[in-house]
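Reminder that position 193 of the sequence shown reads as 193 in the working numbering, one-by-one numbering, no gaps. Glycine included, every Cβ here is placed at the ideal spot set by N, Cα and C. From a predicted model like this one, the values you see are computed outputs, not experimental measurements. Report on the structure given below.
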Amino acid sequence: MPVEIEELSPKQLRKRRQIIDAAKSVLIDVGPAACTTREIARAGGLNQGLIHYYFSTTEEIIDAAMESLFAELTAGIAHAGTGLHDPVSRFWAVLEDYLGVFDRHPNLSLVWFEYWTMVTRTGHVDKVERLQDGLIDLLTSLLSDAGVDEAPARARVILAYVLGVLVRRSVHPQTFEELRPEIASLARISPRPE
């Protein structure tokens, strides 16, 4: 039975973080289906038994790793618009950075969709919903700042479009500049910052 997070010392929290970081590495390399405690232990230079001290199941580790991975992604892309005063420029900077993350980590879209499928099949869609809601909230805020009508609905449409682009990219890669006019049309925002 793993120990509760609230009961962990700072040293134990660092060890738990090490496990999560190793799991993120394995997830990006081989995806959720092949993310086992053995692979996590190997990637992190850890003892398998130690991993079970902190986590009950591999699924629990994968959930923590995916949450960490996408929290970092969301924080990183939100930061992309920092320092830009024009709200339209912020919107484009954030969206370009978001798609750029998947360019820099080509396996990440597969990891995301595999995880999505995994939690949907097990009836735990709340995990994916939380991650998606964070992105929708960010897009809604950016669109609202840019004066776009119906910002929440447009944010959901843009996220759905971007998820579709990520699937399509494996067969038909497109640059951000090729996507810009389509996104601008969906967002009802200028394709170029003023």
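Worksheet entry | V165 - DSSP class collapsed to helix/strand/coil | helix
Worksheet item: Do the CB positions of P191 and R180 come within less than 8 Å of each other?
Response: yes
Worksheet item: Measuring CA to CA, which of A23, K11, R156 and A33 is closest to L110?
Response: A33
Item to complete: Take F176 and list the residues in its own chain whose beta-carbon comes closer than 6 Å to its own, dropping the five residues that flank it on each side.
Response: The residues are E96 and L99.
Worksheet item: Where K24 and L69 are concerned, what is the direct C-alpha to C-alpha distance, given to the nearest angstrom?
Response: 7 Å
Worksheet item: What is the rounded straight-line gap between the Cα of V94 and the Cα of L163?
Response: 15 Å
Practice prompt. Tell whether a beta-carbon distance below 8 Å holds between F102 and L166.
Written response: yes
Fill in: Residues near T140 in its chain [Cβ-Cβ closer than 6 Å; skip 5 each side]
The residues A151, P152 and A155, in chain order, have a CB closer than 6 Å to that of T140 in the same chain once the five nearest residues on each side in sequence are set aside.
Fill in: Through-space distance from D145 to P193, alpha-carbon basis
13 Å
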